[in-house]
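Engineer: With mature numbering (1 follows the signal peptide of the UniProt record, and there is no 0) applied, the sequence shown corresponds to residues -22 to -1, 1 to 256, in that order.
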Amino acid sequence: MAIGLAAELLFIFFILQARVQADNLQAVGVVGGVVYFRPPLPNLTTAYHQSHWYCGSSLKIAIHEYGKGVRYLDGPFKDRLELFPNNTLKISSLQKNDSNNFWMYLQDVAGKEYDDYSVYLKVYDVVPKPTVNATVHGNNPEHCNVTLECWVQMEDVTYEWMPPSRLMPVGSNSTNGTLPLSFNPSLETYTCRASNPVSSSSARLIRRHPCSWTGTGCTRWQNLGEMGGRWLPGVPGVRSLFPWARAPREGDRGAACSSPVVVPLGLLSHLCFPSASS
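#1: The beta strand (DSSP E) that contains phenylalanine 15, what's its start and end?
#2: Figure out for me which residue from Asp103, Gly116, Phe80 and Val13 has the closest Cα to the Cα of serine 36.
#3: Report the partner residues of alanine 5 according to the DSSP bridge assignment.
#4: Using the beta-carbon count (16 or more within 10 Å), is alanine 233 buried or exposed?
#5: Could you check the C-alpha separation between tyrosine 32 and alanine 172 for me, to the nearest Å?
#6: Answer with buried or exposed for proline 238, where buried requires no fewer than 16 other C-beta atoms within 10 angstroms of its C-beta.
#7: If you drop the 5 nearest sequence neighbours on each side, which residues of the same chain put their C-beta closer than 7 Å to that of cysteine 189?
#8: Alpha carbons only, please: which of His187, Val13 and Arg185 is nearest the one belonging to tyrosine 98?
#9: Whose CA, out of Gly34, Pro63 and Asn64, lies closest to the CA of glycine 53?
#10: Count the other C-beta atoms from every protein chain shown that fall within 10 angstroms of the C-beta of threonine 109, then say buried if there are 16 or more, exposed otherwise.
#11: Please name the residue in Ile39, Asn78 and Gln85 whose C-alpha comes closest to that of leucine 67.
#12: So, with DSSP's three-state summary, where would you put lysine 56?
#13: Could you check where the beta strand (DSSP E) with arginine 47 kicks off and where it finishes?
#14: Figure out for me which residue from Ser179, Ile184 and Tyr26 has the closest Cα to the Cα of leucine 84.
#15: Measure the alpha-carbon distance for glycine 7 versus serine 71 and round it to whole angstroms.
#16: Provide the residue(s) that pair with glycine 193 in DSSP beta bridges, ordered along the chain.
#17: So who's on the other strand from lysine 68, going by DSSP bridges?
#18: Going by DSSP, name the residue or residues bridged to glutamine 85.
Laid out in structure tokens, this is it:
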């Protein structure tokens, strides 16, 4: 008796688990994009009288009455919906606040309702170009001690740093144990990629020997150990921020830079300048 009851309860448990997994459908969309919800309902147009689409717990957005066509109800979705004969729902011009649970039920000719399909939609913004930052620690000409940072002003983003590929083979596979290579030991590119489920964007930091960094996008410069000066590219407003900053003298480091100024590095801890390559 106990074994039979346990088997029956286990059977009910598996049915409930299957129901939860079947109902746990998710879809993603991008702001300004399009999403399609396709309920797995083949050959039901003759068995049911109507289908009703809802957003959230109670907002009815569309009704399909077989033989009479489709009605779109007033609300935030009215001009952005298209309901097809097979009950597929299309939503256009997606917005962030469209993120919600969408569900459909069927109604037979007697008015009986059947919950049949549910899906959760999450709408994401397009990931903008990340801001990258190189924080240099110390001033050891033999060792570059640096922390690289990457961020965007939005949530639900993952980050990936891709280090440079230092070795670039030239030519075909070798048959005599030699490998011809070509690389620049004084120049390296580090790429940060920011991603969400619908888009990604990247920015680069370029290291020049021994430990000088420039980037695409907005780069904050920091040097916690050196209190000398570093050349900045010709950035509008630099001299108005630092009127005492002197013009470069002949023989100064970085004299090849275009329209540079020299500023004590201790004041560069939290400044953000567009790089010359952005």
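All C-beta atoms, glycine included, are put in the ideal place defined by N, C-alpha and C.
Structural biologist: Once the coordinates are examined:
#1: 13 to 15
#2: Phe80
#3: Leu99
#4: Residue confidence for alanine 233 is low, a pLDDT of 30 falling below 50, so the modelled location carries little weight; the figure read from the coordinates is stated next. A residue is called buried when at least 16 other Cβ atoms come within 10 angstroms of its Cβ; alanine 233 does not meet this threshold and is exposed.
#5: 34 Å
#6: Confidence in proline 238 is poor, its pLDDT being 32 and thus under 50, which makes the residue's placement unreliable; the coordinate value appears in the next sentence. Buried, by the Cβ-count rule.
#7: Val114, Cys122 and Val124
#8: Out of His187, Val13 and Arg185, Val13 has the C-alpha closest to the C-alpha of tyrosine 98.
#9: Gly34
#10: By the neighbour-count rule (16 or more Cβ atoms within 10 Å), threonine 109 is buried.
#11: Ile39
#12: helix
#13: Reading off the sequence, residue 47 comes out as glycine, not arginine. Boundaries of the beta strand (DSSP E) around glycine 47: 47 to 50.
#14: Among Ser179, Ile184 and Tyr26, the Cα nearest to that of leucine 84 is on Tyr26.
#15: 10 Å
#16: As a beta-bridge residue in DSSP terms, glycine 193 pairs with Leu183.
#17: Tyr14 and Glu60
#18: Gln28 and Glu91
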